[in-house]
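**Student:** This is the structure I have questions about; it appears just below.
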Amino acid sequence: MNSANKKSLLTGELIKQAAIDSIKKLNPVIMMKNPVMFVVELGTLVVLLMVLLPEVFGAEERIGFNVTVFFILLFTVLFANFAEALAEGRGKAQADSLKKAKKDIVANKVVGNGIKVVSSAELRKGDIVIVAQGEMIPGDGEVIKGLASVDESAITGESAPVIKEAGGDFSSVTGGTRVVSDKITVKITSDPGESFMDRMISLVEGAKRQKTPNEIALNTLLISLTLIFLIVVVTLAPIANYLGIELEIPVLISLLVCLIPTTIGGLLSAIGIAGMDRVTQFNVLAMSGKAVEAAGDINTMILDKTGTITFGNRMASEFIPVSDQSLAAVAEWAAISSVKDETPEGRSVIELMKKQQLSYEASLAEGGEFIEFKAETRMSGIDLLDGRQVRKGAVDAVKTWVAAQGGVIPADLDDKANAVAREGGTPLAVAVDNVMYGIIYLKDTVKPGMKERFDQLRKMGIKTIMCTGDNPLTAATIAREAGVDDFIAESKPEDKIAVIRREQAEGKLVAMTGDGTNDAPALAQADVGLAMNSGTVAAKEAANMVDLDSDPSKIIEVVAIGKQLLMTRGALTTFSIANDVAKYFAIIPAMFTLAIPHMEALNIMGLGSPTSAILSALIFNAIIIPLLIPLAMKGVTYKPMSSSQLLSRNIIIYGLGGIIVPFIGIKLIDMAVNLWI
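Note that the UniProt record's numbering numbers the sequence shown so that position 455 is 455, with each residue one more than the last.
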């Protein structure tokens, strides 16, 4: 999803639908999921009954006051529902944009020795389909034959195509994406309705969001505070009666609504849903709110090397001449042998030529016959029109080929090839007819910007550990280039799980990123499993997050959003509880001043009358929720800091602000109310 789509999500239509949904959410069955606001709704219903049946409650003389209280309470509930509906609506808007990419696609299904054209809806798990250039991939699957460039912009928003090929960790394809070159044979891995696109739509709609442990704890706190204040308000009635003060039911309900944490209660669901929405805006799909929140507390990050830290395909990094050959000569023949080679290694040779600003006579390859790499020959190349044969491949295979044509093997070839191997690279020999020109040094290249991103993780207090099946020497080289804190060489799937469990046993939260089938067990074991979208189906199913851009450093954004989610919830909780102090000084003096004149000393706001004080506090309590919706949706800006610094920041900004803002707001509302009444 590109940035243009993201900016257009908050539209007038979305706001209108959220307003409609806020009314639908008045259903008590739905409201019971938010105990704080459910209490407010019950209070609203009681006051409504007093408005409709004033003679039953003996409230004929206070009908105007009761009607006002009813509408304020109703809007309090509606505003809270609106916040949640707006957050859900953003997810549904994103889902709608995804649904546009999910169409009924025609598929070329392999049946026996022939092809049958069917609808993608008829495909079942295990079916084999052939997808050619320009055709849409009809369902999630694994490439079992061929290599092709695939346009995945329908799900990632990125225009650059990606290479998909049979075998390895880049064989997974997604239904709804388009093949832009070549042809592939795909084995379908999901039934209709169970595809990755279907899961994406379900996830971003937010319909199945789980509550996180911190959210459950906060809910418990809010319920406890609600019960405490409910008991306090109920006991106020007999105390007031003893003092000769008649406290009407709407007044008691107003007091209860103002004192219970309605602000955070009304925004809590919106904060959680918005957290999932924010990671989606970074092209990361979270399977639950728990995954997003856990990301905010991770201490250790385990990274698979191949395809995650590195590109996964060994790329040309150096041309090494042998004997008395020149660098330009070995580079030119390496390039000519790779002109028609569409493998990642072949393309990387041409890229290295451009990077080193070397040139070659491309016209030599025109009309030549490309020789594909085969397991039995372990070479590829091109037969030129002038009769010359150019080959590149495994050193021993090319040596045998040169020797068979009467050529002499350079004395320094083996030494230079072995030096490349010792450094963890792969040497490819380059020869023309019976002359050996040199070696192409292939190595698994670290993705750009990895070192800087890992530095950022280190500053956030997160340790990085790279796991790889490479030998210790190669692993050390890659670890040094990438800038990770530690590495595990020659690791097997069980080794990755072991290191995760060891860290978890020490009380740490662990994130794991990977893209291969062998990463699936570790992704499932980790607290936060981030799978690359370029990886296998098994990896994506095991993880609780999927990065559509296949960028392992994206975990930095995910961590920041997780911390932002925690900080937002803490900030608004502090603000909500601090609000009660101001509302206390508004309502309590108003309730008891007539019977206890000395209570006037507590009327430090100088509110006009008991009636205006109650209404002003109630109105402020209602309007503060919609005013805080943008903060709940956007989140508090994350800045790396210690827990003590965070606590101080919350107390100073949101605690003190939560006291000052209501004092000012209630006073201004009181002045307006007194003009009105």
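A virtual CB, placed ideally from N, CA and C, is assigned to each residue, including glycine.
In the segment 411-479, which residue ranges form an unbroken beta strand (DSSP E) of at least 3 residues, counting only runs that do not cross its ends?
**Tutor:** Segments of the beta strand (DSSP E) lying fully in the segment 411-479: 426-432, 435-446, 463-467.
**Student:** Can you give me the C-alpha to C-alpha distance between Gly657 and Asn650, rounded to a whole angstrom?
**Tutor:** Within the sequence shown, the letter at position 657 stands for residue 657. Within the sequence shown, the letter at position 650 stands for residue 650. Roughly 9 angstroms between the two C-alpha positions.
**Student:** Residues in its own chain within less than 7 angstroms of Ala590 by CB, not counting five upstream and five downstream?
**Tutor:** As a working mapping, residue 590 is identified with position 590 in the sequence shown. Within the same chain, Ala590 has close Cβ partners Leu607, Pro610, Ala613, Ile614.
**Student:** Apart from the five residues just before and just after Ala421, which ones in its own chain have a Cβ nearer than 8 angstroms to its Cβ?
**Tutor:** Along the sequence shown, read from residue 1 onward, the residue named residue 421 stands at position 421. Cβ within range, chain order: Pro427.
**Student:** Exposed or buried, what is Ser363 when buried is set at 16 or more other beta-carbons lying within 10 Å of its beta-carbon?
**Tutor:** Within the sequence shown, the letter at position 363 stands for residue 363. Answer is exposed; the Cβ neighbour count stays below 16.
**Student:** When the Cα atoms are used, what is the spatial distance from Gly146 to Arg453?
**Tutor:** To locate residue 146, count along the sequence shown from 1; it is residue 146. To locate residue 453, count along the sequence shown from 1; it is residue 453. The alpha-carbon atoms of Gly146 and Arg453 are separated by roughly 34 angstroms.
**Student:** Per DSSP, which residues does Met32 bridge with? Please list them.
**Tutor:** Sequence index remark: in the sequence shown, residue 32 carries index 32 (1-based). Per DSSP, none; premise fails for Met32.
**Student:** Smallest Cα separation from Ala560: which of Leu457, Asp527, Gln504, Asn621?
**Tutor:** As a first step, residue 560 is located in the sequence shown; it is residue number 560 there, counting from the start. Comparing Cα positions, the closest option is Leu457.
**Student:** Mind checking which residues open and close the alpha helix (DSSP H) that includes Asp396?
**Tutor:** In the sequence shown, counting from the first residue as 1, residue 396 sits at position 396. First-last of the alpha helix (DSSP H) with Asp396: 395-404.
**Student:** Of all the options Pro138, Lys24, Phe170, which has the alpha carbon lying nearest to the alpha carbon of Glu535?
**Tutor:** Along the sequence shown, one-based indexing puts residue 535 at 535. According to the sequence displayed, residue 535 carries Gly and not Glu. Comparing Cα-Cα distances from Gly535 to each of Pro138, Lys24, Phe170, the minimum goes to Phe170.
**Student:** As a quick exercise: from Val56, Met379, Arg501, Asn533, pick the residue whose alpha carbon is nearest that of Ala524.
**Tutor:** Here the question's residue 524 lines up with position 524 in the sequence shown. For Ala524, the nearest C-alpha among the options comes from Arg501.
**Student:** By the three-class DSSP mapping on this structure, what secondary structure does Gly89 have?
**Tutor:** For this step, residue 89 is matched to residue 89 along the sequence shown. Three-state result, Gly89: helix.
**Student:** Does the Cβ-Cβ distance between Ile669 and Phe620 come in under 8 angstroms?
**Tutor:** In the sequence shown, residue 669 corresponds to position 669, counting from 1. In the sequence shown, residue 620 corresponds to position 620, counting from 1. Their beta carbons are under 8 angstroms apart, which means Ile669 touches Phe620 by this criterion.
**Student:** On the three-state DSSP scale, how would you describe Arg502?
**Tutor:** Taking the first residue of the sequence shown as 1, we reach residue 502 at position 502. Helix, per DSSP.
**Student:** CB-CB under 7 angstroms to Val292, same chain, minus the five flanking residues each way: which ones, in chain order?
**Tutor:** Stepping through the sequence shown from its first residue, residue 292 is reached at position 292. Gly275, Met276, Val279, Ala286, Ile561, Gly562, Leu565.
**Student:** For Ala476, which residues of its own chain have a beta-carbon under 8 angstroms away from its beta-carbon, when the five flanking residues on both sides are left out?
**Tutor:** For the purposes of this step, residue 476 is taken as the residue at position 476 of the sequence shown. Phe487, Ala489.
**Student:** What runs of the alpha helix (DSSP H), each 4 residues or longer, lie entirely inside the segment 299-350?
**Tutor:** Segments of the alpha helix (DSSP H) lying fully in the segment 299-350: 327-338.
**Student:** Measure from the alpha carbon of Ile336 to the alpha carbon of each residue in Tyr360, Gly64, Gly176, then state which is nearest.
**Tutor:** For this step, residue 336 is matched to residue 336 along the sequence shown. Among Tyr360, Gly64, Gly176, the Cα nearest to that of Ile336 belongs to Tyr360.
**Student:** Of the residues Gly507, Ala531, Gly89, which one's Cα is nearest the Cα of Gln17?
**Tutor:** For the purposes of this step, residue 17 is taken as residue 17 along the sequence shown, with counting starting at 1. Taking only the C-alpha atoms, the option nearest Gln17 is Gly89.
**Student:** Where Ser553 and Pro493 are concerned, what is the direct C-alpha to C-alpha distance, given to the nearest angstrom?
**Tutor:** Position 553 of the sequence shown holds residue 553. Position 493 of the sequence shown holds residue 493. Those two C-alpha atoms are separated by around 22 angstroms.
**Student:** Determine the DSSP secondary structure at Gly157, reduced to helix, strand or coil.
**Tutor:** Translated into positions along the sequence shown, residue 157 becomes position 157. Unreliable placement is indicated for Gly157, whose pLDDT of 46 sits below 50; no coordinate value is reported for it.
**Student:** Closest by CA to Ile478, which one among Ala316, Thr68, Gly425, Val233?
**Tutor:** Numbered from 1 along the sequence shown, position 478 holds the residue referred to as residue 478. The residue with the shortest Cα to Cα distance from Ile478 is Gly425.
**Student:** Runs of 4 residues minimum, wholly inside the segment 633-668: which ones carry the alpha helix (DSSP H) assignment?
**Tutor:** Correct list: 643-649.
**Student:** What runs of the alpha helix (DSSP H), each 4 residues or longer, lie entirely inside the segment 210-266?
**Tutor:** 213-242, 249-259, all fully within the segment 210-266.
**Student:** By the DSSP assignment, the beta strand (DSSP E) with Asn108 in it spans what residues?
**Tutor:** Taking the first residue of the sequence shown as position 1, residue 108 is located at position 108. That run of the beta strand (DSSP E) goes 106-111.
**Student:** Who are the Cβ neighbours of Lys6 in its own chain at under 8 angstroms, not counting the five residues just before and after it?
**Tutor:** Along the sequence shown, read from residue 1 onward, the residue named residue 6 stands at position 6. Residue placement at Lys6 is flagged as unreliable, the pLDDT there being 41, under the threshold of 50; the coordinate-derived value follows with that caveat. Around Lys6: Gln281.
**Student:** Tell me where the alpha helix (DSSP H) around Ala590 begins and ends.
**Tutor:** On the sequence shown, position 590 is the one that residue 590 refers to. Note, Ala590: alpha helix (DSSP H), 555-592.
**Student:** Quick check on Ser359: does DSSP put it in helix, strand or coil?
**Tutor:** Locating residue 359 in the sequence shown gives position 359, counting from the first residue. Correct three-state label for Ser359: coil.
**Student:** Tell me whether the beta-carbon of Glu369 lies closer than 8 angstroms to the beta-carbon of Asp383.
**Tutor:** As a first step, residue 369 is located in the sequence shown; it is residue number 369 there, counting from the start. As a first step, residue 383 is located in the sequence shown; it is residue number 383 there, counting from the start. Yes.
**Student:** DSSP three-state label for Leu124, please.
**Tutor:** If you number the sequence shown from 1, residue 124 lands on position 124. First, the amino acid is wrong: residue 124 is Arg here, not Leu. The answer is coil: DSSP assigns Arg124 none of H, G, I, E or B.
**Student:** Should Val29 be labelled buried (16 or more other beta-carbon atoms within 10 Å of its own) or exposed?
**Tutor:** Here residue 29 refers to the residue found at position 29 when the sequence shown is read from its first residue. Result: exposed.
**Student:** Is there contact between the segment 293-306 and the segment 457-467, where contact requires at least three CB pairs shorter than 8 angstroms?
**Tutor:** The segment 293-306 vs the segment 457-467: in contact.
**Student:** With a 10 Å radius around its C-beta and 16 neighbouring C-beta atoms as the bar for buried, classify Arg314 as buried or exposed.
**Tutor:** Locating residue 314 in the sequence shown gives position 314, counting from the first residue. So Arg314 ends up on the buried side.
**Student:** Which parts of the segment 485-542 are runs of the alpha helix (DSSP H), unbroken and 4 residues or longer, counting only runs that do not cross its ends?
**Tutor:** Counting whole runs of 4 or more residues, the segment 485-542 contains the alpha helix (DSSP H) stretches 493-505, 520-525, 537-542.
**Student:** When the Cα of Asp444 is compared with those of Thr76, Gln133, Leu42, Ser317, which residue comes out closest?
**Tutor:** Residue numbering aside, residue 444 sits at position 444 when the sequence shown is read from its first letter. With distances taken between Cα atoms, Asp444 lies closest to Ser317.
**Student:** Buried or exposed for Thr235, please, with buried defined as at least 16 other CB atoms from any protein chain shown within 10 angstroms of its CB.
**Tutor:** Translated into positions along the sequence shown, residue 235 becomes position 235. Exposed, by the Cβ-count rule.
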